[in-house]
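In the UniProt record's numbering, the protein residues as written are 1 to 880.
Next up, the structure:
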C-alpha cells in the first residue's frame, strides 16, 4: 500500500515531462530529486572536433562490431587467397574421395565378377569331366545288353577297355564278376596302359599286371599278387545299393599321390541275378591341374572341398594328403599346408559351420595377414550323389595396385595445383590490396583528427573511382567540421540560458512534490483530515486527485464503521442464539438421559430376553441332544448321517426291510401249517399201520408193515429236518428282525419290548420243534429195532403205536405252537403296521420315498426243495 502514492506520482510526473528521478531517504517514503535531462549545476562546453573524432563508436556500431568482429580483423589479402585456395582444395578433396570410393567399388565388382566367372568355369569343367565315367559305363552296359561285348571273354574285354582308355582321359576302366574274377586297364603317369587280370583259368586267382604294346596286346608280365575285387568299395557299394553311384574318394595303395573316385554300375542278367560290376576310375589330380590353369588373379586360390571339409582338389602345389605310418590320409582344408587355404577354411567354418551348410552361392570377405580377401563359395552337385563346394579366394591387393598408383598420382597433381593456386592468389591479392591499404591508412589518419589527407589516384577501374571519391570526401569533411564548430558555439549559449530557466522551475516543482509526500505520509498515519494544496501546476492536479482519494477513503471508512456496528449487533444476536442453543442442548441432554435410562431398561429386558433365549437354546440343545441320542439309537449302523431327511429315509428303509421280513415270517407260518398237516397225515397213517399190526399174524405182512413204518419214520425225519432248517432260517430272520428292530428301537419308544416278546415266542417255537426232533429221533430208533428182529414185531408195534401217539401229540402240540407262532407273527405284523404308521408321520420328498412295489417271498415246502428254498430265503439281503 505504501508504494502506491509514489507510483501514482511517478506516472503523473512522467506524463507531464520526462524527468530523471533519483531516490533518497525521506521519512517512510523515498524522496525524489527531480532534474531535467541536462545537468542542473552547469552544462559542460561542447568538446572540440578532435575530441569528437576520438570518441567511441556509437552503440549501434559497437553492437555490430561485437557480432561481426571477425570481419574487422579479417584481411582482404587473406580473403582473396582463401577465395583461390578453398575451391581448389574442395575440388581436389572431392575428386580424390570419389576416385578412391569408385576404385573400391570397381574392385569389389571386378573381384565378384572374376570369382563368379571362375566358379562357373570350375562348375562347367566338373560337369563335363565327371560325366565321362558315367557315359563310358552306360556305353559298356549297352554294349553288353546288345551282345557286342561278352563279359566272359577277358582277352577281348581287356582290349575293348584298352581302346576306350585311348579315347577317354580316364585313369582306370574295369569289370569284376561275382566270382571274384577281374579285368581292368590302368593308365600310368607316362601315359602307358597296363592290363590287370584276375582269372581262375589263366591266372589261378592271382592279379597279373601286363604291359601292352601299341595295339593293346599283352607283352610282358610286370607283377602278380593276391587281389579280391569284391572287397573293394567300388564293387561292394554298387552291389549294396543296386544302382549306379560314386564311391568315396580314395587313394591307390601303391600310388598314394593318385586320388581317384570310381563310377560303378551293377550288371544284372535278365532274371535279375547279379553278374558283376563295371567301373571307371577318375583321377582327381587332373582337376587340380585344371584349377592351376585358371588365371583369376596373381595370388588367387581355387580349391574344392567335400561336405565334411576334406580337400578334393586345389590350384596350389600343396598335396591334398599326408602319409602317416605308411598310410595315405586326406587333409582337411583348414589343416592345409597353404596358409591362405587354411585361413579361408577356418573363416568359412566360423561363419557357416561345415561346408555342407552352404546351400547357395555366397560372396563374402575377411582379413588375412593385414589384407582384405574376397571369398566366393559355389555349391556343386550331380545326380549320382556328389555334393562339393567350389571356393575361390582372391586378395584385394591384386586389383588395387594400379588403382593405388592412380590415386597417388591424383594426389600429387592435386597438391601441385594447390601450390600454384596459392602462389597466384598471393600475387593477385598483393596487386589488388596495395591501393586499398593506402586508402585504409588515410582513413585512419582522418579518424585520428588529421583531416589534411589525400591519396594518390592510381590503378584502374573501381580503385581509381574509390581514390577520387575518398579525396572528395576528405575535402567535404573538412568544410563540414568548420561549419559545425561555429554552430556549436551558438548552441552552447542558448543551452546555458535554457538551463537556468529549467533549474528554477525544478526547484519549485521539488517543493510541491515534498508537500504532496507529507500529505501522503499523514494519510498513511490515519489522518484523513489533511488536504493538499491545489495550484495551477501539474502538482496541483496531483493534489486535487489526492484530495478526492482521501474523501473517498473517508467514505469507505464510514461504510466500514457501519459494517462493524452491524457485526457487533450480529455478535450479540449470535450470543443470544448461543444461549438458546445451550438451553436446547441442556434439554436434549436431559432427553438423552431419559433415552439412556429407557435404553438401559431395554438393555435389561434384552439381557433377560437373552437369558431366556440362552435358556431356550439350552432347551433346544437338550432337545437336539435328545434328538441326536434318538438318531444314534435309530441309526446305530450308519453313524454320522446328518439331517432329518436322511434319518427318515433310513427308518423307511428299515421299516420296508422289516415288512419284508414280516412277510417271510408269515410265509414261514404257512409252511409250518403245511408241515403240521403232513405230520397229522403221517400220524393217521401210523395209527392205521399200528392197528393192522395188532391183528396181523403173517410175518410177511408184518415185514411190509414194518417197511411202511420205516417209510413213515423217514418222512417224519425229513419233516423234522425241514422243520429244523425252517427254524434255523427263522432264527436267522429273527436275528435280522432283531437288528432292524434294535435300530428302530432308538427312534420309536416301546419297540424293544414288543420285539422282546416276539423273540421269546420264537424261542418257544424253537423249543417245541426241538421236542419234535427228539420224538422223531426216538421213532427212528424204534424203526431200527423193527428191522433188526422180526420176532419182536408185536412188542415193537405196540411201542411204535405209543410212539406214533407221542408223535401225534407232539404234532398237535407243534400245531398249537404254530398257531401261537402265527398269532405272534400277526402281532408282529400289527406291530410292524403300527410302526409303519408311526414312521409315515415323517414326510419325504417323492424322489426320496422307497418303492412300494414289494413282492413277497414265497417259500416252497416240498420235501425235495425245502432246503434249497430255505437257503435261497436265507440269502435275502441283510438290512443291517
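For every residue, glycine included, the Cβ atom is placed at its ideal position computed from N, Cα and C. Everything numeric in this text was worked out from a predicted model, so none of it was measured.
Check, Outcome
"Measure the C-alpha to C-alpha separation of residue 115 and residue 266 and round it to an integer number of angstroms.", "39 Å"
"By DSSP, does residue 358 sit in helix, in strand, or in coil?", "coil"
"Under 8 Å by Cβ, that's how I've got residue 198 and residue 235 pegged, so tell me the actual separation to the nearest angstrom.", "Incorrect: roughly 12 Å between the Cβ atoms, too far for contact."
"Is it right to say residue 251 is buried, meaning 16 or more other beta carbons lie within 10 angstroms of its own, or is it exposed?", "buried"
"According to the Cβ coordinates, are residue 348 and residue 377 closer than 8 Å?", "yes"
"Would you report the Cα separation of residue 730 and residue 740, rounded to the nearest angstrom?", "15 Å"
"From what residue to what residue does the beta strand (DSSP E) around residue 285 run?", "No beta strand (DSSP E) holds residue 285; the alpha helix (DSSP H) holding it covers 285-293."
"What separation, rounded to the nearest whole angstrom, lies between the Cα atoms of residue 172 and residue 133?", "10 Å"
"Run through DSSP, which three-state label would residue 303 get?", "strand"
"Would residue 355 be called buried (16 or more neighbouring beta carbons within 10 Å of its own) or exposed?", "buried"
"At which residue ranges does the stretch 347-424 contain complete beta strand (DSSP E) runs of 3 or more residues, listed in the order of the chain?", "362-368, 371-381 and 387-395"
"Relative to the C-alpha of residue 127, which candidate in 445, 728, 381 and 590 has its C-alpha closest?", "381"
"Pair every Cβ in the stretch 507-514 with every Cβ in the stretch 475-490, then say whether three or more of these pairs are closer than 8 Å.", "no"
"Give the secondary structure of residue 454 by DSSP, where H, G and I count as helix, E and B as strand, and everything else as coil.", "coil"
"Whose CA, out of 403, 368 and 670, lies closest to the CA of residue 102?", "403"
"What residue ranges within the stretch 452-533 form continuous alpha helix (DSSP H) runs of no fewer than 4 residues, ordered along the chain?", "462-524"
"Taking Cβ to Cβ, would you say residue 244 is nearer than 8 Å to residue 384?", "yes"
"What three-state label does DSSP hand residue 209 in the structure shown?", "strand"
"Quick check on the DSSP output: the alpha helix (DSSP H) that includes residue 324 runs from which residue to which?", "Here residue 324 belongs to no alpha helix (DSSP H); instead the beta strand (DSSP E) covers 321-324."
"Assuming residue 283 and residue 260 are in contact, meaning their beta carbons sit under 8 Å apart, how far apart are those beta carbons, in whole angstroms?", "5 Å"
"On the DSSP bridge assignment, give the partners of residue 267 in chain order.", "276"
"Would you check if there are 3 or more beta carbon pairs closer than 8 Å linking the stretch 149-169 to the stretch 323-339?", "no"
"Measuring only the C-alpha atoms, how far is residue 551 from residue 518?", "17 Å"
"By DSSP, does residue 261 sit in helix, in strand, or in coil?", "strand"
"Tell me whether the beta-carbon of residue 358 lies closer than 8 Å to the beta-carbon of residue 352.", "yes"
"Based on the DSSP secondary-structure assignment, which residues constitute the bridge partners of residue 183?", "175 and 197"
"For residue 272, which residues in the same chain have their Cβ closer than 6 Å to its Cβ, ignoring the five residues on either side in sequence?", "none"
"Between residue 211 and residue 203, is the Cβ-Cβ spacing less than 8 Å?", "no"
"Would you kindly work out how many angstroms separate the C-alpha atoms of residue 104 and residue 292, rounded to a whole number?", "28 Å"
"Quick check on DSSP: helix, strand or coil for residue 546?", "helix"
"Among 343, 419, 297 and 206, which has the Cα closest to the Cα of residue 914?", "This structure gives no information on residue 914, because the portion of the chain shown stretches from 1 to 880."
"With H, G and I counted as helix, E and B as strand and the rest as coil, what does DSSP make of residue 328?", "strand"
"With a threshold of 16 other CB atoms inside 10 Å of the CB of residue 148, please say whether the residue is buried or exposed.", "exposed"
"Under a Cβ-count criterion, where at least 16 other Cβ atoms within 10 Å of its own Cβ denotes burial, should residue 309 be classed as buried or exposed?", "buried"
"If you follow the alpha helix (DSSP H) that residue 230 is in, where does it begin and where does it stop?", "Neither: residue 230 is in no alpha helix (DSSP H) and is coded neither H nor E."
"Near residue 530, what residues of its chain come up, given a Cβ to Cβ distance below 8 Å and the 5 sequence neighbours on each side ignored?", "519, 522, 523 and 550"
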